[in-house]
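Notes follow once the structure below has been shown.
There are 2 protein chains.
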Amino acid sequence: MSKRVGIRDVAAAAGVSLTTVSHALSGAGQLSDATRERVRSVAADLNYAPNRLASGLRSKRSQIIGFVSDEISTTPYAGRVLLGAQEAAAKNDWVLMIVNTSADPRFEGRSIEALLQHRVDGIIYARMYHQTVAVPEALVGVPTVLLDASTGNDHISSVVPDEEGAARTAVEHLIAAGHRRIGYLSNVDDIPATRGRLDGYRATLRAHGIEVDETLITASDSTTASARAAAALLLDRSDRPTALFCFNDRIAMGAYQAAQTRGLRIPDDLSIVSIDNFEILADAMLPGLDSVALPHYEMGQWAIERLALELQADGDDDDAPAPQQIRMHCPLVTRQSVGPPPH
Amino acid sequence: MSKRVGIRDVAAAAGVSLTTVSHALSGAGQLSDATRERVRSVAADLNYAPNRLASGLRSKRSQIIGFVSDEISTTPYAGRVLLGAQEAAAKNDWVLMIVNTSADPRFEGRSIEALLQHRVDGIIYARMYHQTVAVPEALVGVPTVLLDASTGNDHISSVVPDEEGAARTAVEHLIAAGHRRIGYLSNVDDIPATRGRLDGYRATLRAHGIEVDETLITASDSTTASARAAAALLLDRSDRPTALFCFNDRIAMGAYQAAQTRGLRIPDDLSIVSIDNFEILADAMLPGLDSVALPHYEMGQWAIERLALELQADGDDDDAPAPQQIRMHCPLVTRQSVGPPPH
DNA sequence: TGCAAACTTGCAAACGCTTGCAGCCAGACA
DNA sequence: TGTCTGGCTGCAAGCGTTTGCAAGTTTGCA
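Protein sequences appear in the order of chains A and B.
Numbering-wise (UniProt numbering), the first sequence opens with residue 1 and increments by one.
Numbering-wise (UniProt numbering), the second sequence opens with residue 1 and increments by one.
Encoded structure:
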């Protein structure tokens, strides 16, 4: 491999100074269009690739965004977030440096330390299941946005799914199909999603003049076995619900199995809707599962764009934009698991 | 935030020169244990975090490994690979810089270019479904290892699952349970896995003295609908197989559905085994699916370790280790989908 | 024709670290 | 006592960019 071409080679070839090349390439300074064009084409010809270590060192902008997540390997959630983040990052000429902490504080500390040593320009601190978190101390002073996580306060930007809205969308989908007797298979973890979706479920029923029957609410952990048992409780009643709203797709899968065991056909005898739109599951189920999508891709994208905004203002210091906390809309994806109630 | 502490602050505080601090921290040079210890504790007290942009610039080792993948968002495969890679990387004090190419050559080119600008020390070029690839030209001269992908030649290290072995493991699992009439639901893509698993299926049957009945082999794409249809072909025969070996878990899901529709119980009437061990699916299915695991975590780990080996020798140049291509063993994970054949 | 204003371009000093090489100091040996 | 040797430590020169500032060149206008 021939020696790597540096900015001085470009300068020599174009017959200008280092400064001019730098200006031409970065768009800074005042250059005549002619010069700029010439330098650029020479650089392209020479296949010049700036050394970002050097430019980062000097300019104090590494063009690297750190992405720290607690979980990355059991679901495609992180992948979708990463995809959104990455594509948005590319637009800013940023690249992502990611670490998985496995929710281990010791490891998280070391990982963040590593990112900081690499002088990342900002950090996306992500959780894969909407959680309330405390931002690690090492992160104070570092531009950070929280993803699928929020703190109690409003000192830092964050994006989470609109849990209540998602539940509303799901339940209204059922109501629109004619259902009035709608059971809810909740989950048991103590996370914001649990309460948010439950609240959404109750509020939506009431908003449509349906009295909330608390005995129609049951909970399970996210294993199908547990969900099956929870669904059984509801389906074995003589006054069983005509539709089930499930906390997530895995629980919906348990509900499917419970229905199947009892010879109940979906959606003829029982309609089911859930939240997640875990595509590889929802598509594979028979019939396809109607599910409200958690907007992972969009959250990743938003987080980066938000970071871009805050970093941009960072130079001008004081007029930094106030942190923003947003709840993102969750759209419904319909397949074939919802139909009118049996009469 | 107080001004960032640099190596000179440490030097001043410890009463030694920059050189000594650098040596003490990196373990290079000849230092008395006393000095080394002292410097280290001072550095720790000051909370010194070396600037990797600077050290990378000078030493020409960025401590960053690039990870380029074609697919990252629809399955947890990439996540598992990343986890393995990341944990191995941390041991070498490396960090991962990740790009997703969406299999778009233009975008791939730009992404690799970005990694190169950041002066990554090496690259893991990953595909999420064992494929034959041509290594992008931009990568020549850059230490690279292929993951879940291979070229025709042996110029570059690579790791792929042992497809034939995986098929053998699956089929022998069925044979061990007593099955002799074993159908195969293959896939239709033209990738090494297709041929490898098919060869493994045939070879294993023969090795056990079972004649291969080509009419028991059928194929579908990886949608459950298509798999359902393919399974139906086999299950509707009067001499239907007592067991089904499926190309992957999604196809197995289709097979489950076809069985269900026909009132065939698993594993009593029909045994099913597949390859993937896509846990979130295999665990959720009823009954749990016996599946041969694709060793994603281990492949990620191996790729990094291999890169470490090749980079280490890179200084000594000529005695660089010869590239190594390995096929990784795939272990069987049993659940409840295989039993003895009905008599 | 002369001079300021407006453009262009280049100089040279960092950025924070690593590293080849030289210097220093003890103790050992003659 | 003088000269070596070998173990420790420090000097200073970069690594490849960016950027504050200054210098040089046009252009416009009186």
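Glycine included, each C-beta is placed from N, C-alpha and C at the ideal position.
Residues bridged to residue i (per DSSP)
i, result
"residue 263 of chain A", "None; residue 263 of chain A has no bridge partner."
"residue 347 of chain A", "Residue 347 of chain A falls outside the range modelled here, since chain A spans only 1 to 343, and no answer is possible."
"residue 131 of chain A", "A:149"
"residue 122 of chain B", "B:65"
"residue 245 of chain A", "A:184 and A:273"
"residue 7 of chain B", "DSSP, once it has assigned bridges, lists no residue as partnering residue 7 of chain B."
"residue 332 of chain A", "A:292"
"residue 219 of chain B", "B:186"
"residue 19 of chain B", "Looking at the DSSP assignment, residue 19 of chain B forms no beta bridge with any residue, so it has no partner."
"residue 224 of chain A", "Answer is none; residue 224 of chain A lacks a bridge partner."
"residue 204 of chain A", "Residue 204 of chain A pairs with nothing; no bridge assigned."
Residue i classed as buried or exposed, judged by whether at least 16 other C-beta atoms fall within 10 angstroms
i, result
"residue 301 of chain A", "buried"
"residue 66 of chain B", "buried"
"residue 344 of chain B", "Residue 344 of chain B is absent from the model: chain B starts at 1 and stops at 343."
"residue 173 of chain A", "buried"
"residue 192 of chain B", "buried"
"residue 208 of chain A", "exposed"
"residue 141 of chain A", "exposed"
"residue 56 of chain A", "buried"
"residue 4 of chain B", "exposed"
"residue 132 of chain B", "exposed"
"residue 148 of chain B", "buried"
"residue 251 of chain A", "buried"
"residue 326 of chain B", "exposed"
"residue 71 of chain A", "buried"
"residue 276 of chain B", "buried"
"residue 15 of chain A", "exposed"
"residue 18 of chain B", "exposed"
"residue 238 of chain A", "exposed"
Cβ shell of residue i (< 8 Å), same chain only, five flanking positions each side left out
i, result
"residue 87 of chain A", "301"
"residue 103 of chain A", "70 and 71"
"residue 113 of chain B", "138"
"residue 384 of chain B", "No answer is possible for residue 384 of chain B: the residues shown for chain B start at 1 and end at 343."
"residue 194 of chain B", "186, 187, 188 and 247"
"residue 143 of chain B", "121, 122, 123, 307, 310, 311 and 314"
Same chain, Cβ closer than 7 Å to residue i, neighbours up to 5 away in sequence not counted
i, result
"residue 1 of chain A", "The predicted position of residue 1 of chain A is uncertain, since its pLDDT is 40 and thus under 50; no value can be drawn from it."
"residue 61 of chain B", "121"
"residue 201 of chain A", "167, 171, 184 and 245"
"residue 134 of chain B", "151"
"residue 309 of chain A", "321"
"residue 204 of chain A", "167, 168, 171 and 172"
"residue 240 of chain A", "234"
"residue 13 of chain A", "42 and 46"
Any non-hydrogen atom of the ligand SAM within 6 Å of residue i CB
i, result
"residue 218 of chain B", "The model depicted lacks the ligand SAM and carries no ligand whatsoever."
Residues near residue i by beta carbon distance below 6 Å, same chain, minus five either side
i, result
"residue 43 of chain A", "10"
"residue 290 of chain A", "273, 334, 335, 337 and 338"
"residue 267 of chain B", "337, 338 and 339"
"residue 48 of chain A", "5 and 10"
"residue 226 of chain A", "220"
Subject >> Residues of the stretch 152-170 of chain A with Cβ closer than 9 Å to any Cβ of chain B, in chain order >> reply: none
**OP:** Could you run through the stretch 65-85 of chain B and flag, in chain order, every residue whose CB is less than 8 Å away from some CB of chain A?
**Re:** 72, 73, 74, 75, 76, 78, 79, 80, 82 and 83
Original post:
Unbroken beta strand (DSSP E) runs of length 3 or more, entirely within the stretch 166-195 of chain B: which are they?
Top reply: 182-187
**OP:** Could I get the ranges of all uninterrupted beta strand (DSSP E) runs contained in the stretch 31-114 of chain B, with 3 residues as the minimum, in chain order?
**Re:** 64-69 and 95-100
Subject >> Interfacial residues, the UniProt domain "HTH lacI-type" (5-59) of chain B to chain A, with Cβ spacing under 7 Å >> reply: 49, 50, 51, 52, 53, 54, 56 and 57
**OP:** Closer than 9 Å, Cβ to Cβ, to anything on chain B: give me those residues from the stretch 266-283 of chain A, in chain order.
**Re:** 278, 279, 280, 281 and 283
Subject >> Interface positions of the stretch 117-149 of chain B facing chain A (Cβ-Cβ less than 7 Å), listed along the chain >> reply: 117, 118, 119 and 141
**OP:** Name, going along the chain, the residues of the stretch 93-106 of chain A whose beta-carbon falls closer than 7 Å to a beta-carbon of chain B.
**Re:** 95, 96, 97, 98, 99 and 100
**OP:** Please list the residues of the stretch 239-257 of chain B that have a C-beta atom closer than 7 Å to any C-beta atom in chain A, keeping them in chain order.
**Re:** 250, 253 and 257
Original post:
Just by C-beta distance, which residues in the stretch 212-229 of chain B are closer than 7 Å to chain A?
Top reply: 224
Subject >> the stretch 284-306 of chain A: positions lying closer than 7 Å to chain B by Cβ >> reply: 284 and 286
Subject >> Against chain A: residues of the stretch 322-342 of chain B by CB proximity under 8 Å >> reply: none
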